[in-house]
Amino acid sequence: MSNKAVVSLATGLEDPEKVTVAFLVALGAAEHGRPTLMFLTKEAVRLAVPGTAVGRACEGCPSLPELLARYEAAGGRYLVCPLCFNAKALDPENLIAGAEIGGTVPMWQWIGDEGATSFSY
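At position 105 of the sequence shown (counting the first as 1) the number is 105 in the UniProt record's numbering, and the numbers step up by one without a gap.
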């Protein structure tokens, strides 16, 4: 059985609580030693641009910059949907640490034959 985790996130800052929950799930996996990949699609691709993931979803919630820093420190990676990213005319040379442009084929290659536990937000 694989210990990999994939968190698919399609929501951006229009729903910061959902973004926070997705990052908490990914962070929990990464900080416990699981190879973890966040697959960012739709509005979530904007989170891969430096300076975008800012703020705090609610009183008592960790800030988004804190979550991203902890995820990076735990070795978490991002795969950013190229169709969504390009449709928003974002700069592929300007990505946060651990992020790369890639679609479903690279995601499945990363998952491999052992599979992965997945979550979708």
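Ideal Cβ placement from N, Cα and C applies to all residues, glycine included.
Residues near residue i by beta carbon distance below 7 angstroms, same chain, minus five either side
| i | result |
| --- | --- |
| P65 | A53, V54 |
| G98 | E72, G76, R77, Y78 |
| A44 | L9, A10, T11, G12 |
For residue i, the three-state DSSP class (helix, strand or coil)
| i | result |
| --- | --- |
| E59 | coil |
| T104 | helix |
| R70 | helix |
| L24 | helix |
| V19 | helix |
| L90 | coil |
| V54 | coil |
Own chain, CB closer than 8 angstroms to residue i, minus 5 neighbours either side, in chain order
| i | result |
| --- | --- |
| G28 | none |
| S118 | A5, V6, V7, S8 |
Nearest-angstrom Cα separation, counted from residue j out to residue i
| i | j | result |
| --- | --- | --- |
| A57 | S8 | 19 angstroms |
| R77 | G12 | 17 angstroms |
| N86 | F39 | 15 angstroms |
| G60 | E17 | 12 angstroms |
| P62 | V80 | 23 angstroms |
The ligand COA heavy atom lying under 7 angstroms from the CB of residue i
| i | result |
| --- | --- |
| Y78 | The ligand COA is not among the ligands present in this structure, which contains no ligands whatsoever. |
Neighbourhood of residue i by C-beta distance below 6 angstroms, restricted to the same chain and skipping five residues each side
| i | result |
| --- | --- |
| A22 | V7, L9, Y121 |
Extent of the continuous beta strand (DSSP E) run through residue i
| i | result |
| --- | --- |
| V80 | 77 to 80 |
Does the pairing of the segment 105 to 117 with the segment 90 to 97 give three or more beta-carbon distances under 8 angstroms?
no
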